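Protein chains: 2
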Amino acid sequence: MATMHDVARLARVSVSTVSYVLTGARPISQATRDKVLAAMTELGYQPNAMARGLASRRSRIIGLLMPMDERGLGATETAFVTGAAAAASAAGYHLVLSPVCDLDDLRRLASQRMLDGAVLMEVQVEDARVTALQEAGVPLVLIGRTGDTTGLSYVDIDFDQTVREAVDHLVGLGHRRIVYVNHSAAAIATGYGPAVRTRDAFVTAMTGHGLEPVMIPAQDSAAGGRAALAAALTEAPDLSAVLVMNENAIFGILGELTNRGLVVPHDVSVVSMVTSPQVAELANPALTAMTSPGSALGRIAVEALLRQVEGAESADHQQLLPCALEVRGSTSPAAREAVVIGGDHIDQTGSGPPGM
Amino acid sequence: MATMHDVARLARVSVSTVSYVLTGARPISQATRDKVLAAMTELGYQPNAMARGLASRRSRIIGLLMPMDERGLGATETAFVTGAAAAASAAGYHLVLSPVCDLDDLRRLASQRMLDGAVLMEVQVEDARVTALQEAGVPLVLIGRTGDTTGLSYVDIDFDQTVREAVDHLVGLGHRRIVYVNHSAAAIATGYGPAVRTRDAFVTAMTGHGLEPVMIPAQDSAAGGRAALAAALTEAPDLSAVLVMNENAIFGILGELTNRGLVVPHDVSVVSMVTSPQVAELANPALTAMTSPGSALGRIAVEALLRQVEGAESADHQQLLPCALEVRGSTSPAAREAVVIGGDHIDQTGSGPPGM
DNA sequence: ACGGTTAGTCGAAACGCTTCGACAGCCGAG
DNA sequence: CTCGGCTGTCGAAGCGTTTCGACTAACCGT
Numbered sequence: 001m002a003t004m005h006d007v008a009r010l011a012r013v014s015v016s017t018v019s020y021v022l023t024g025a026r027p028i029s030q031a032t033r034d035k036v037l038a039a040m041t042e043l044g045y046q047p048n049a050m051a052r053g054l055a056s057r058r059s060r061i062i063g064l065l066m067p068m069d070e071r072g073l074g075a076t077e078t079a080f081v082t083g084a085a086a087a088a089s090a091a092g093y094h095l096v097l098s099p100v101c102d103l104d105d106l107r108r109l110a111s112q113r114m115l116d117g118a119v120l121m122e123v124q125v126e127d128a129r130v131t132a133l134q135e136a137g138v139p140l141v142l143i144g145r146t147g148d149t150t151g152l153s154y155v156d157i158d159f160d161q162t163v164r165e166a167v168d169h170l171v172g173l174g175h176r177r178i179v180y181v182n183h184s185a186a187a188i189a190t191g192y193g194p195a196v197r198t199r200d201a202f203v204t205a206m207t208g209h210g211l212e213p214v215m216i217p218a219q220d221s222a223a224g225g226r227a228a229l230a231a232a233l234t235e236a237p238d239l240s241a242v243l244v245m246n247e248n249a250i251f252g253i254l255g256e257l258t259n260r261g262l263v264v265p266h267d268v269s270v271v272s273m274v275t276s277p278q279v280a281e282l283a284n285p286a287l288t289a290m291t292s293p294g295s296a297l298g299r300i301a302v303e304a305l306l307r308q309v310e311g312a313e314s315a316d317h318q319q320l321l322p323c324a325l326e327v328r329g330s331t332s333p334a335a336r337e338a339v340v341i342g343g344d345h346i347d348q349t350g351s352g353p354p355g356m
Numbered sequence: 001m002a003t004m005h006d007v008a009r010l011a012r013v014s015v016s017t018v019s020y021v022l023t024g025a026r027p028i029s030q031a032t033r034d035k036v037l038a039a040m041t042e043l044g045y046q047p048n049a050m051a052r053g054l055a056s057r058r059s060r061i062i063g064l065l066m067p068m069d070e071r072g073l074g075a076t077e078t079a080f081v082t083g084a085a086a087a088a089s090a091a092g093y094h095l096v097l098s099p100v101c102d103l104d105d106l107r108r109l110a111s112q113r114m115l116d117g118a119v120l121m122e123v124q125v126e127d128a129r130v131t132a133l134q135e136a137g138v139p140l141v142l143i144g145r146t147g148d149t150t151g152l153s154y155v156d157i158d159f160d161q162t163v164r165e166a167v168d169h170l171v172g173l174g175h176r177r178i179v180y181v182n183h184s185a186a187a188i189a190t191g192y193g194p195a196v197r198t199r200d201a202f203v204t205a206m207t208g209h210g211l212e213p214v215m216i217p218a219q220d221s222a223a224g225g226r227a228a229l230a231a232a233l234t235e236a237p238d239l240s241a242v243l244v245m246n247e248n249a250i251f252g253i254l255g256e257l258t259n260r261g262l263v264v265p266h267d268v269s270v271v272s273m274v275t276s277p278q279v280a281e282l283a284n285p286a287l288t289a290m291t292s293p294g295s296a297l298g299r300i301a302v303e304a305l306l307r308q309v310e311g312a313e314s315a316d317h318q319q320l321l322p323c324a325l326e327v328r329g330s331t332s333p334a335a336r337e338a339v340v341i342g343g344d345h346i347d348q349t350g351s352g353p354p355g356m
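The listed protein sequences derive, respectively, from chains R and C. In terms of full-length UniProt numbering, the first sequence opens at residue 1 and continues consecutively. In terms of full-length UniProt numbering, the second sequence opens at residue 1 and continues consecutively.
#1: Apart from the five residues just before and just after H317/R, which ones in its own chain have a Cβ nearer than 6 Å to its Cβ?
#2: With H, G and I counted as helix, E and B as strand and the rest as coil, what does DSSP make of E310/C?
#3: At the level of alpha carbons, what is the spacing between S269/R and V203/C?
#4: Do you know how far the Cα of L243/R is from the Cα of Q112/C?
#5: Does the beta-carbon of S29/R have 16 or more other beta-carbons within 10 angstroms, so that it is buried, or is it exposed?
#6: For the alpha helix (DSSP H) holding G255/C, just list the boundary residues, first then last.
#7: Looking only at DSSP bridge pairs, what is I28/C linked to?
#8: Going by C-alpha distance, which of G83/R, G137/R, D200/R, E281/R is nearest P293/R?
#9: Where D104/R and A118/R are concerned, what is the direct C-alpha to C-alpha distance, given to the nearest angstrom?
#10: Excluding the 5 residues preceding and the 5 following G53/C in the sequence, name in chain order all residues of the same chain whose CB lies nearer than 6 Å to its CB.
#11: Buried or exposed for G44/C, going by 16 or more other Cβ atoms inside 10 Å?
#12: To which residues of the same chain is V271/R closer than 8 Å at the C-beta, ignoring the five residues directly before and after it?
#13: With 16 as the cutoff for other CB atoms within 10 Å, does D347/C come out buried or exposed?
#14: With a 10 Å radius around its C-beta and 16 neighbouring C-beta atoms as the bar for buried, classify R176/R as buried or exposed.
#15: Can you give, in chain order, each stretch of the beta strand (DSSP E) that sits fully within the region 92 to 158 of chain R and has at least 3 residues?
#16: Which residue from A218/R, R199/R, A110/R puts its Cα closest to that of H183/R?
#17: Per DSSP, M215/R is paired with what?
#18: Ordered along the chain, which non-local residues of its own chain (more than five positions away) have a Cβ less than 8 Å from that of R12/R?
#19: For N284/C, count the other beta carbons within 10 Å of its own beta carbon; 16 or more makes it buried, fewer makes it exposed. Which is it?
#20: For H94/C, count neighbouring C-beta atoms within 10 Å of its own C-beta (all shown protein chains included) and say buried if the count is 16 or more, exposed if not.
#21: Kindly indicate which residue of I157/C, L22/C, R164/C has the alpha-carbon position closest to the one of G193/C.
#22: Evaluate M55/C with the Cβ neighbour count: other Cβ atoms within 10 Å of its Cβ, from every protein chain shown; 16 or more gives buried, anything less gives exposed.
#23: Do L229/R and I253/R have their CB atoms nearer than 8 Å?
#24: In terms of residues, what are the limits of the alpha helix (DSSP H) holding Q318/R?
#25: Any beta carbon from chain C within less than 8 Å of V138/R's own beta carbon?
#26: Using a Cβ-Cβ cut-off of less than 7 Å, give me the residues of the region 113 to 139 of chain R that come near chain C, in sequence order.
#27: What residues from chain C crowd round E281/R, counting only those whose CB sits closer than 7 Å?
#28: When we look at the beta-carbon of T131/C and count the other beta-carbons within 10 Å, is it buried (16 or more) or exposed?
#29: Tell me whether G92/R is buried or exposed, calling it buried when 16 or more other Cβ atoms sit within 10 Å of its Cβ.
#30: Need the endpoints of the alpha helix (DSSP H) that A8/R sits in, please.
#31: Sort N259/R, R299/R, T207/R by Cα distance to Q319/R and report the nearest one.
#32: Quick one: grab the DSSP three-state call for L243/C.
#33: Within the continuous beta strand (DSSP E) that includes S272/R, where are the two ends?
#34: CB-CB under 7 Å to M356/C, same chain, minus the five flanking residues each way: which ones, in chain order?
#35: Among all the DSSP beta bridges, which residues are the ones paired with I300/R?
#36: Taking Cβ-Cβ distances shorter than 9 Å, what residues in chain C pair up with T258/R?
Laid out in structure tokens, this is it:
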């Protein structure tokens with residue numbers, strides 16, 4: 001394995017000159033640069049990452065910390081990762097994904113000066129990783145938000161706007177009775193950001209239309225989805241549309257609809273939030289969904305982090321990106337309107353006054 | 001940030017002694033060791049990974065190279081990753097996941113001496129990454145197999161046994177007309193290992209039971225699944241069971257069965273191969289599946305790699321693990337038997353003679 | 001003609017660790 | 001006893017970079 005010394009000797013220059021050619025830290029004449037470059041290719045020289053890291057105190061590695069539960073990574077998270085990796089690679093950094101969940105592991109990784117910076121996925125409202133990394137002095141960008149974001153950089157989905165667009169889409173199709181299926185009650189109680197924010201946004205959006213916001217929590221599983229749909233039909237038997245913020249429950253919901261003889265979208269329209277096209281296409285009919293800006297989130301997070309790492313930016317980077325509405329086969333105009341005119345089989349019991 | 005010098009000074013020993021305490025490369029008296037350890041905790045000392053790597057020519061990092069397509073990681077791959085990470089962590093190594101797909105990127109990573117070894121996921125029959133890493137002199141363990149495995153270490157699923165068990169399960173339930181839905185024809189043609197191996201195993205298993213092996217390729221998508229099921233019903237209208245080796249097509253298959261009024265498992269039994277419990281539970285009814293030994297695969301691969309890295313093992317490690325049959329709601333005894341006795345609504349046209 | 005920049009290069013000192021050779025003391029075998 | 005071989009410790013030489021200070025030569029405005 002060739003070293004800088006070998007290159008320098010072959011090019012008949014000093015080692016530091018070779019280094020300057022590589023890093024551009026000082027000007028080098030074109031003639032010298034060419035000689036050095038030629039020597040490098042002749043020797044197949046590759047700088048030693050460890051030596052470089054030791055001398056420069058920068059590893060040129062940024063970590064993408066993603067807790068991996070059994071569920072696996074959805075297409076959304078994957079897009080995020082590839083976006084981040086591309087951005088890092090473009091800037092000459094390596095992006096390593098670390099599945100560390102163990103806090104000690106993380107602390108070790110950080111204090112061994114192995115990471116120039118870190119992007120945190122799946123941030124909780126109270127996230128011990130954040131303080132651990134801050135204490136270790138590792139620059140940080142979050143995907144999602146902690147409760148208190150002062151002094152932190154983050155990129156997150158604009159849940160407000162996303163929910164509003166989804167509701168507008170359904171209302172525009174004539175739906176009035178829309179049920180929101182969220183994550184589990186436990187997740188909401190512990191303050192899981194997306195669950196809480198979308199809940200609030202749903203209430204705002206619905207009341208803005210003069211409609212009652214009916215909301216049902218659901219476990220993150222097919223069974224949870226089935227139970228949630230049953231609960232939804234109990235609470236709002238006249239529902240004509242379901243807005244789902246739970247990628248794991250959605251198939252259960254669809255299955256239960258089918259079981260009950262309800263046809264999507266004829267009887268019930270379904271919109272899935274923060275869903276990837278791939279998952280949306282798995283359903284039959286394919287789901288109308290709010291597609292998350294996965295790869296853009298990843299790219300932006302890494303770019304912000306690198307600015308911070310390279311000292312170019314001291315201010316916090318805080319940014320929200322909306323999801324895009326993609327209409328597929330699971331939504332259609334509300335059959336309800338016609339029914340309201342001609343029929344009476346709508347059970348209005350149990351619904352509060354609209355506009356509350 | 002404290003260095004070894006600080007620790008040595010505080011403990012009144014030499015730097016090398018501190019190093020020996022840390023690495024155990026030479027014996028150190030208990031008294032000295034205690035002094036050093038005390039100094040370390042007092043200073044909150046953490047070794048600098050870069051310096052250590054430079055001096056020892058070992059990064060204590062192993063890479064898990066996983067191409068990330070848009071589809072994301074299933075629960076199977078995730079289990080694999082966590083298994084591998086746990087094994088690495090237990091051995092004092094860091095496992096970094098690299099989404100690099102670009103060969104130059106990979107070569108750079110390898111020749112910068114940043115990786116002590118690598119585990120390759122999603123190995124193709126002809127995989128350029130293998131030769132690239134071999135040329136860079138990076139120890140290697142594959143998940144899956146290349147066409148020619150001489151001189152290579154790998155861990156893979158025992159497709160033969162897995163298919164045999166699945167077929168036995170169905171045959172044991174009285175099914176005679178079983179269709180195998182594989183990956184796409186293109187994947188098979190390019191020699192994608194799992195597709196080819198399961199195909200061959202299916203033929204063997206079926207003919208061993210005196211049954212005709214009917215096989216249908218499917219694109220890796222819901223639409224592909226629907227098309228495949230349609231094709232299957234054309235080719236074998238009397239089918240009573242479907243064996244699916246395509247996690248992405250399975251929902252399309254189930255959807256198309258429903259569309260055609262066929263009820264699972266009453267009319268058609270479905271077994272999904274190499275599927276995680278999580279995905280199996282998404283379906284309604286939950287899928288009987290051959291569950292892949294994900295985390296064991298990961299652990300074994302890393303352990304084999306580390307033995308190779310640490311020079312303890314020169315011989316290749318080649319090992320196959322079977323998937324476990326988990327019976328859920330998508331399989332039941334063949335209704336066919338009863339029907340054949342009492343009814344006649346089976347369209348027998350187009351089916352070849354059994355046992356060919 | 002003169003100090004003051006600037007471009008281009010060099011040598012050497014870090015960076016924080018591992019590891020080798022050396023050596024002192026001590027034990028048991030010959 | 002004496003020699004070879006352990007045990008425990010030290011000092012110093014790397015590992016392959018970056019980076020700092022210094023130096024030369026050319027170039028600027030005056």
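All C-beta atoms in this analysis are idealised placements derived from N, C-alpha and C, irrespective of residue type, glycine included. Since we're looking at a predicted model, the values are computed, not measured.
Judging by the given coordinates:
#1: S153, A304
#2: coil
#3: 44 Å
#4: 49 Å
#5: exposed
#6: 250 to 259
#7: Its beta-bridge partners do not exist; DSSP assigns none.
#8: G83/R
#9: 16 Å
#10: S59
#11: exposed
#12: A166, H169, L170, A241, V242, L243, V244, L287, T288, A289, M290, S330, T331
#13: At D347/C the pLDDT is 42, less than 50, meaning the model places this residue with poor confidence; the figure from the coordinates comes in the next sentence. Classification of D347/C: exposed, given that the 10 Å Cβ count is below 16.
#14: buried
#15: 94 to 98, 117 to 120, 140 to 143, 154 to 157
#16: A218/R
#17: Y180/R
#18: K35
#19: buried
#20: buried
#21: I157/C
#22: Per the sequence presented here, residue 55/C reads as Ala, with Met not at that position. Exposed.
#23: yes
#24: Premise fails: Q318/R lies in the beta strand (DSSP E), 318 to 321, not in any alpha helix (DSSP H).
#25: no
#26: R113, M114
#27: S221, A222
#28: exposed
#29: exposed
#30: 4 to 11
#31: R299/R
#32: strand
#33: 269 to 275
#34: With a pLDDT of only 37 at M356/C, under 50, the local geometry of the prediction cannot be trusted, and the value read off the model is given with reservation. Counting only Cβ-Cβ distances below 7 Å, and skipping sequence neighbours, we find E212.
#35: I300/R is not bridged to any residue.
#36: T258, N284
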